[in-house]
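Contents: one structure, followed by commentary.
In the working numbering, the protein residues as written are 23 to 143.
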C-alpha cells in the first residue's frame with residue numbers, strides 16, 4: 023500500500039540513520055560532524071548532503087550546559103544556521119564519512135584556522 027511505497031522511497035534516498043552514528047550523550051560536539059534528523063528538514067530537502075553539519079559553537083555543543091543551540095555549517099551547501107541539540111541523530115562515524123564531506127570539512131577547518139590566525143596576529 024501507500025505506506026510501504028513511501029517507506030521504499032525514503033529508503034532509496036540513502037539517508038543517514040542512528041546506526042551510522044555515535045551518541046551525542048556526554049560528548050562535546052564542537053568541531054564534530056553531526057547527522058541532522060530528517061524530521062528537522064522539509065521533505066524536499068531530504069538528502070544525505072543536507073543531513074551533515076559541522077558543529078561550530080553554541081551552548082548545545084557542551085554536554086552539560088542548559089542551552090540547546092548549536093550553530094553549524096551544512097556540508098552540502100555551506101549554509102550556516104542554528105539548530106537545537108535534539109535536532110541531531112548523532113555524530114557521524116568515520117567509516118560512513120563520504121569523500122565529498124571529508125573535503126568540505128577540511129576546507130571549512132582550514133578557513134577557520136586562517137581566520138583565527140589573522141585575528142591573533
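For every residue, glycine included, the Cβ atom is placed at its ideal position computed from N, Cα and C.
Small disclaimer: the values here were computed from a predicted structure and weren't measured.
The beta carbon of residue 71 lies closer than 6 Å to those of 98 in the same chain, with the five residues before and after it left out.
Taken in chain order, the unbroken stretches of beta strand (DSSP E) that lie wholly in the stretch 50-85 and span 3 residues or more are 55-58, 74-79. Secondary structure of residue 89 (DSSP, three-state): coil.
Beta-bridge partners of residue 113 (DSSP): 44, 56. Residue 78 places its beta carbon less than 8 Å from that of residue 52. The beta carbon of residue 107 lies closer than 7 Å to those of 46, 82, 90, 92 in the same chain, with the five residues before and after it left out. The alpha-carbon of residue 121 is positioned some 32 Å away from that of residue 86. Cα atoms of residue 69 and residue 124: separation of roughly 17 Å, rounded to the nearest angstrom.
By the Cβ-count criterion, residue 80 is buried, with 16 or more other Cβ atoms from all chains shown falling within 10 Å of its own Cβ.
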